[in-house]
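Protein chains in written order, with the working numbering: chain S, 26 to 164; chain V, 26 to 164.
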C-alpha cells in the first residue's frame, strides 16, 4: 500500500490528491514550492511508472506548472526529479522569481527553510483552491 | 529556425539527434551528464510544447534514463528542467553514484567542471553508441 515517505511528511504540508499524485507544499516560504508524489509503491524513477501513469504525471505536472505561472506569477518554473536523499519518486515544481533569495541558482542546499506562518499558509491554500476551481479539469 | 543556445554550445558536446531533441553531453567528467534540447523555437517550459512533442520528450527521456541505468550503472538518475540561466528549454539527465563528488547534493553550483580528456570522451561515445544500437528503437 502506498505510504508517503516520512521525510516528505516531515518537510511538507499535504494539500490534496490528483488522480495519480499527492500534492504537497514544501514548508519553506522562500518560494512557492510544490511536490507531486505518484501514489505508487516502490517507484524511484519516472521510467518505472507505467505508460498510463506517465501520461497522468505529465498532465498533472502541466496543470501544476500552469498554476505556478498564472496564479503565482512565476518568472521561471523549475521541475526536477532528484531523489538522492528520499528514494520515493517525487517531482519538485518550484516557482522562481528574478528577485528570489537563491536566483538564479537552484534552490537545493542554498538556504535553511523559512517555515510558513499560519496566515501565509492560509493565503497559499486560498490561491491553490482558487486556481484548481478556476482551471479546467485535467482531461 | 531552431538554434542551440550559445551557452549550451559552449558547455556541451553535441552527440546526435533524436526525433524531437538534440542530445548533448555536458563537458564535465564528474558525472555522465546528458542534456535533451527539444528542437523548437522560443520554448522555455515543458507545458509550452504541443501534446505530441511532450509525448516524444517523455519517450526520449525514458530512453536516455534507461541508458544511464543500464550502460552507466547509475545508482540514481537526476532529471531536471531548470533554465534559470539558459532560457531555452533543456532537460538535464545525470547519472548519480553514491560515491560521486557531490552525492547526495544536486550537481549544480557544487564544483567547477572537470573537462573530459580525449580518451575519456571516446569511451563515452563508445558506450552511448553501443547503448543506442542495442536498445530498442523508440516506438
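Backbone N, C-alpha and C define an ideal beta-carbon position, used for all residues, glycine too.
ask   = residue 126 of chain V CB to nearest chain S CB: under 9 Å?
value = Among the residues facing chain S, residue 126 of chain V is not included, as its CB has no counterpart in that chain under 9 Å away.
query = Quick one: what's got a C-beta closer than 8 Å to residue 82 of chain V's C-beta in the same chain, skipping five residues either side?
reply = Closer than 8 Å at Cβ, skipping near neighbours: 45, 46, 61, 63, 71, 74, 116.
Residue 111 of chain S and residue 32 of chain S closer than 9 Å at C-beta = Contact flag set, yes.
inquiry  = Taking 9 Å as the threshold (beta carbon to beta carbon), is residue 139 of chain V in contact with chain S?
reply    = Chain S contact via Cβ: absent.
task = Would you be able to state if there are at least three C-beta pairs under 8 Å between the stretch 84-101 of chain V and the stretch 80-97 of chain S?
result = With a cut-off of 8 Å, the stretch 84-101 of chain V and the stretch 80-97 of chain S do not count as touching, because too few Cβ pairs lie within range.
ask   = Which chain S residues are close to residue 35 of chain V, counting only those with a beta carbon under 9 Å from its beta carbon?
value = The premise fails here: residue 35 of chain V is roughly 17 Å from chain S at the closest Cβ pair, so nothing lies under 9 Å.
key: residue 164 of chain V to residue 35 of chain V span [Cα, whole Å]   = Confidence is the limiting factor: at residue 164 of chain V the pLDDT is only 47, short of 50, which leaves the residue's position unreliable and the question unanswerable from this model.
inquiry  = Here's the rule I'm using: 16 or more other beta-carbon atoms within 10 Å means buried, otherwise exposed. How should residue 85 of chain V be labelled?
reply    = With 16 or more other Cβ atoms within 10 Å, it is buried.
query = Is the Cβ of residue 134 of chain S closer than 9 Å to any Cβ of chain V?
reply = With its beta carbon less than 9 Å from one in chain V, residue 134 of chain S belongs to the interface.
message = For residue 131 of chain S, tell me which candidate among S:121, S:51, S:139, S:137 has the shortest Cα-Cα distance.
response = For residue 131 of chain S, the nearest C-alpha among the options comes from S:121.
ask   = For chain V, is any of its Cβ atoms less than 9 Å away from the one on residue 57 of chain S?
value = So, not an interface residue.
task = For the alpha helix (DSSP H) containing residue 49 of chain V, list its first residue and its last residue.
result = Note, residue 49 of chain V: premise wrong, no alpha helix (DSSP H); beta strand (DSSP E) at 46-51.
query = Based on the DSSP secondary-structure assignment, which residues constitute the bridge partners of residue 42 of chain V?
reply = DSSP lists V:47 as partners of residue 42 of chain V.
For residue 113 of chain V and residue 66 of chain V, the rounded distance between their alpha carbons = Rounded to whole angstroms, residue 66 of chain V and residue 113 of chain V show a C-alpha spacing of 8 Å.
task = Starting from the beta carbon of residue 83 of chain S, find every residue of chain V whose beta carbon is closer than 7 Å, and list them in chain order.
result = Within chain V, the residues near residue 83 of chain S are 79, 83.
task = Starting from residue 129 of chain S, find everything on chain V with Cβ-Cβ shorter than 8 Å and list it in chain order.
result = Contacts between residue 129 of chain S and chain V, judged by CB atoms closer than 8 Å, involve 109, 110 in chain order.
ask   = Taking Cβ-Cβ distances shorter than 9 Å, what residues in chain V pair up with residue 105 of chain S?
value = Neighbours of residue 105 of chain S on chain V, chain order: 103, 104, 105, 106, 107, 117, 131.
request  = Answer with yes or no whether the minimum CB distance from residue 72 of chain V to chain S is below 9 Å.
outcome  = Cβ-Cβ to chain S under 9 Å: yes for residue 72 of chain V.
query = Looking at C-alpha atoms only, which residue of S:146, S:158, S:87, S:151 is the closest neighbour of residue 38 of chain S?
reply = Of the candidates S:146, S:158, S:87, S:151, S:146 places its Cα closest to the Cα of residue 38 of chain S.
ask   = CA-CA distance, residue 137 of chain S and residue 26 of chain S?
value = Residue 137 of chain S and residue 26 of chain S have their C-alpha atoms roughly 33 Å apart.
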